[in-house]
Amino acid sequence: MKKSKPNYFQVSQGVWGMKITFVNIYMIANRRSAGKGWVLVDAGLRGTAKRIIAMAESLFGPGTKPAAIVLTHGHFDHVGALQELLKYWDVPVYAHPLEIPYLTGASSYPPADPTVGGGLMALMSWAYPSKPINLGSRVIPIDKYDGVPELPEWKVIHTPGHTPGHISLFWPLNTTLIAGDAFTTTKTESAIYVLNFIRKLSGPPKYLTTDWHAAGKSVRKLAALQPRIASTGHGEVMRGKELQTELSYLANNFKELAVPHHGRYIKRAAMADETGVKYVPSYTDDSNIKLKAAAIAVAATLAGFLITRVVNKRLV
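Residue numbers (this note's numbering): 4 to 319.
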C-alpha cells in the first residue's frame, strides 16, 4: 500500500511546518548560497517521530536527516518526539543556555496553573508533564553572538516569559518569524480553538507562562521586528497587514489582552537561572481562589477522559 503524503504546509521560501494534534513543528532549508542542509525546529508530541521523519523524507528525500535540531523551549509538546528522533538522527540539538537544565535532567519546570481560565486546555494543564528530559551532552547551548551555525541567515532572539530560555527565530531577508510560544495564533487555553487551529492572535499559553513581565517585553521585541510572516507553536501562519496590525495591538495592550485576571504567577513570577528553577510562588491565600482550584481539579478529572479520546483520535 502506498503511503500517504504527510500533511504539511509552507510558511515561506524554504520553510515548512506540520501540525501535530495541537502543536507545530518546522523545517528550515538553507539557501544554497548560505549553507547546506536543513534544520528541524521543535519536536512535537511523544510518539510522533515517524510522522516527522515522513515529512522530512517527503521534502528532502529518503534517508535525509537534519544538520541540527533547534528547540524554541523544552515544554513537553515541543520535545515529545526528540529522544526517539535522536535514535534515527545523530545530530546536535541547540537550546538557549537558560533552557539547558530542563533538557539535561537538572530541573523540572514550575507547575502549570489551571486557575487561569479560558477553556479545557487550561483546565487540564495540571496533568501536563513538567519533568525534564535528559539529553546529556547532546544538547548544545546557543551562543548569544554566533547563534546556530547550521542556520547562518537566521537570528536567534531570546524571548523569555513563557520559559526562561525561550527563543524565537527571525530571517531578516523576508522577515519570516518562528515565534515558538512567545505568542500564538490561536487561543491555546481552549480545546476547541487549539485542536481546530481557529485563528486568533494571542499571548503565550497562560497556563504554562510563569513570568508575565518578561513575556510582555518579548512580544514587544518581536513586534518591533515588523515581521511579514509569523509561524508559532500553536495556530496557523499569519501574514501581511493582518499580522502586523494584530501583533502591534497585542504588544501595546499586552496586560489587558494576554495576562490572565487571576493565577499563580500574576503577582510574582517564578525565578530561574542557568541551573534551573529557584523559586515558585505559592497560590494566594484568598479562600475563593483555593475553592476554585479545588473545583478545577474535580472538573479536570471528569474532563480528562473526553480530551484524551479527542487527542488520541487525532494522533492516529
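Note that the Cβ used here is the ideal one computed from N, Cα and C, for glycine as well.
Only a predicted model underlies this, so the values are computations on that prediction, with no experimental measurement involved.
> Who pairs with residue 30 in a beta bridge, going by DSSP?
Replying inline: 19, 43
>> If the criterion is Cβ atoms closer than 7 Å, does the pair residue 26 and residue 73 meet it?
In response: no
>> Run through the DSSP bridge pairs and tell me what residue 160 is partnered with.
In response: 171
>> Under DSSP, the alpha helix (DSSP H) around residue 219 begins and ends at which residues?
In response: 215-226
> Fully enclosed by the stretch 67-109, which beta strand (DSSP E) runs are 3 residues long or longer?
Replying inline: 71-73, 96-98
> Roughly how many angstroms lie between the CA atoms of residue 210 and residue 128, to the nearest whole one?
Replying inline: 7 Å
> Taking the C-alpha atoms as reference points, what is the distance between residue 21 and residue 264?
Replying inline: 33 Å
> If we ignore side chains and look at the alpha-carbon of each, how far apart do residue 177 and residue 285 end up?
Replying inline: 44 Å
>> I'd like to confirm the pairing. Which residues does DSSP put opposite residue 143 in its beta bridges?
In response: 97
> Does at least one heavy atom of the ligand PLP sit under 6 Å from the Cβ of residue 120?
Replying inline: Absent from the structure shown: the ligand PLP. Ligands present: none.
> Which term fits residue 297, buried or exposed, when burial requires 16 or more other beta carbons within 10 angstroms of its beta carbon?
Replying inline: Note that residue 297 scores a pLDDT of 48, beneath 50, so its modelled location is shaky and nothing firm can be said.
> By how many angstroms is the C-alpha of residue 19 removed from the C-alpha of residue 13?
Replying inline: 4 Å
> How is residue 10 classed by DSSP in three states: helix, strand or coil?
Replying inline: coil
>> Helix, strand or coil, according to DSSP, for residue 204 in the structure here?
In response: coil
>> Just to confirm the assignment, what range does the alpha helix (DSSP H) spanning residue 196 have?
In response: 194-199
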